[in-house]
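Residue numbers for the sequence shown follow the working numbering, so the first one is 65 and each next one is one higher.
Working notes, beginning with the structure itself.
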Amino acid sequence: MKKIFRVIAFLEGLSYLLLLFIATPIKYFAEDPQYVKLLGMPHGMLFIGYVILALLLKSSYKWNNKTFLIVLLASIIPFGTFYIDKKYLKNA
65 MKKIFRVIAF
75 LEGLSYLLLL
85 FIATPIKYFA
95 EDPQYVKLLG
105 MPHGMLFIGY
115 VILALLLKSS
125 YKWNNKTFLI
135 VLLASIIPFG
145 TFYIDKKYLK
155 NA
């Protein structure tokens with residue numbers, strides 16, 4: 065399940081970046097909301113999966129509450145999940 069969490073973390077981070085830096089500017093500058101609609105649902109599902117897997121794997125990774133909070137907050141910060149992968153998941 066740890067490998068699945070790393071994949072979900074990567075995909076969640078990637079979908080967030082695509083939404084923020086490609087789909088949203090297209091929506092507002094080109095007045096074309098189709099990319100936000102296209103990426104919104106997959107990103108939402110990946111976000112939910114990320115949070116659920118983090119909850120399930122908290123004890124496996126032996127995260128204390130502070131580390132767990134950092135892992136959760138990283139999902140709402142651009143590039144955050146990539147940092148989490150490098151710092152907490154890659155060598156675990």
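Where a beta carbon is used, it is the ideal one built from N, C-alpha and C, also for glycine.
Bear in mind that the values here come from a model prediction, so they are computed numbers and not experimental data.
Point to revise | Extent of the continuous alpha helix (DSSP H) run through Pro106 | key: Along the sequence shown, one-based indexing puts residue 106 at 42. Unbroken alpha helix (DSSP H) run through Pro106: Gln98 to Tyr125.
Practice item. Please determine if the segment 110 to 125 and the segment 81 to 94 are in contact, where contact requires at least 3 C-beta pairs separated by less than 8 angstroms. Key: no
Check your understanding: In three-state DSSP terms, what is Ile90?
Key -> On the sequence shown, residue 90 is found 26 positions in, with the first residue counted as 1. In the structure shown, Ile90 sits in a helix (DSSP, three-state: H, G or I).
Review point. Can at least three beta-carbon pairs, one atom from the segment 123 to 137 and one from the segment 76 to 91, be found at a separation below 8 angstroms?
Key: no
Exercise for review: Could you pull the start and end residues of the alpha helix (DSSP H) that Leu81 belongs to?
Suggested key: Taking the sequence shown and counting its residues from 1, one reaches residue 81 at position 17. Unbroken alpha helix (DSSP H) run through Leu81: Lys66 to Leu82.
Review point. Is it right to say Gly108 is buried, meaning 16 or more other beta carbons lie within 10 angstroms of its own, or is it exposed?
Key: As a working mapping, residue 108 is identified with position 44 in the sequence shown. It is exposed - the Cβ of Gly108 has fewer than 16 other Cβ atoms within 10 Å.
Check your understanding: Under the three-state reduction of DSSP, which class applies to Ile141: helix, strand or coil?
Key -> For the purposes of this step, residue 141 is identified with residue 77 of the sequence shown, where counting begins at 1. Three-state result, Ile141: coil.
Check your understanding: To which residues of the same chain is Asp149 closer than 7 angstroms at the C-beta, ignoring the five residues directly before and after it?
Key -> To locate residue 149, count along the sequence shown from 1; it is residue 85. The residues are Arg70, Ala73 and Phe74.
Practice item. Determine the DSSP secondary structure at Lys150, reduced to helix, strand or coil. Key: Here residue 150 refers to the residue found at position 86 when the sequence shown is read from its first residue. Three-state result, Lys150: helix.
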